[in-house]
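Novice: Handing you a structure now.
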Amino acid sequence: MKITNVNNVTEFIEDYKVILCDLWGVIHNGMSVYENANKFLGHAHQKNIPVFFISNAPRPESVVRKGLTNKLHLNEKYYEFIFTSGDTGAKHINELKHGESYFHLGPDKDEDLLDTINIKKHSDYEIADFILCTGLMDDSFEKPHHYSGMFEEFISHKKEMVCVNPDEIVYRGEQLISCAGGLAKLYKEMGGKVKLYGKPHNEIYDYAYQYLMENGLVENKSEILAIGDSFKTDILGAELFNIDYLFIQSGIHKNEIKHQSDLSKLFKMHVGKEIKEFRTLKTL
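Right, here's the structure in full:
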């Protein structure tokens, strides 16, 4: 594997027409925006290179945007649009790809996504066609194993789980918390059927690429640069969709990376395959 270290993303972003950038772990840590991220976004804006965020957020674009503005104080002029796993999943659910009713497993803060779903919500999982998983009920202390008993019931009734956040863990500040992807992983390990929407799966990239093409922003995939911090979601997703990418070391894998030689081993450990080359930067 060839690993190319870059000193600054500004060295080569002008080679691309559009940037698809991850949010959590690259732009912010759930509590504040990284200082270097603001500088990067300002530089891209100055160079007229549009930045689109691509996020495994189980919420609508408008809700994520509001959080970036009101909570994290990110300047809206620095980015164009946010492609979310929540919107991606809702689109496919509304096309009746999983059934005509669902049971929601997740916190109240994800209720905004449910408002965009046009099929019936049931409070009784037994009569719902599938389980819609947006996250843990209380991620401040819960872990996926707390749901094993519930999952046994779901599986005994042959319920498919549709997960709209493939992330298994994220850092909230310095606290490592579990996400919906961790629940989906356990559900599958227990024998349940799972469908994931979001990175690294093609549906969210198809959604983004179609938007970019229809708006005349790109003519082909070679004009897009993806930036992310997760091997299993951002980097694998970009690799599978055949777009260039930049790996940020200061995100979810920051405590695993001791030396540059660790990168290829970590990628293979997390993804189960090797890639020929990638570019990496310690932090934006």
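Heads up: the sequence shown begins at 1 in this note's numbering, then just goes up one per residue. By construction, the Cβ of each residue, glycine as well, lies at the ideal position given by its N, Cα and C atoms.
What's the gap between the Cα of leucine 217 and the Cα of lysine 17?
Specialist: Approximately 7 Å between the Cα atoms of the pair.
Novice: On a CA-only basis, which of Ser148, Ile248, Lys120 is nearest methionine 190? Give me that one, please.
Specialist: For the residues Ser148, Ile248, Lys120, the minimum Cα distance to methionine 190 belongs to Ser148.
Novice: Less than 8 Å between C-beta atoms, sequence neighbours within five positions excluded: which residues of the same chain meet that for lysine 221?
Specialist: The answer, listed in chain order, is Tyr209, Phe241, Asn242, Ile243.
Novice: Is it right to say leucine 176 is buried, meaning 16 or more other beta carbons lie within 10 angstroms of its own, or is it exposed?
Specialist: With fewer than 16 other Cβ atoms within 10 Å, it is exposed.
Novice: Report yes if the C-beta distance between phenylalanine 52 and glutamate 14 is below 9 Å; otherwise report no.
Specialist: No. Outside cutoff.
Novice: According to the neighbour-count rule (16 or more other Cβ atoms, all chains shown, within 10 Å of its Cβ), is isoleucine 204 buried or exposed?
Specialist: Buried, since its Cβ has 16 or more Cβ neighbours within 10 Å.
Novice: Can you tell me whether isoleucine 155 is helix, strand or coil according to DSSP?
Specialist: Here isoleucine 155 sits in helix by DSSP.
Novice: Among the candidates His92, His122, Ser178, whose CA atom is the shortest distance from the CA of asparagine 202?
Specialist: Residue His92 is the option with its Cα nearest to asparagine 202.
Novice: How would you label methionine 1, buried or exposed, when you count the other beta carbons within 10 angstroms and need 16 or more for buried?
Specialist: Under this definition methionine 1 is an exposed residue.
Novice: Helix, strand or coil for alanine 226, going by three-state DSSP, please let me know.
Specialist: Correct three-state label for alanine 226: strand.
Novice: Which residue's Cα is closest to the Cα of lysine 97: Glu223, Leu132, Asp206?
Specialist: The residue with the shortest Cα to Cα distance from lysine 97 is Leu132.
Novice: Helix, strand or coil: how does DSSP classify asparagine 70 here?
Specialist: Three-state result, asparagine 70: helix.
Novice: Start and end of the alpha helix (DSSP H) containing glutamine 210?
Specialist: That run of the alpha helix (DSSP H) goes 202-214.
Novice: Given a cut-off of 9 Å, decide if valine 164 and proline 58 are closer than it, judged by their beta-carbon atoms.
Specialist: Contact flag set, yes.
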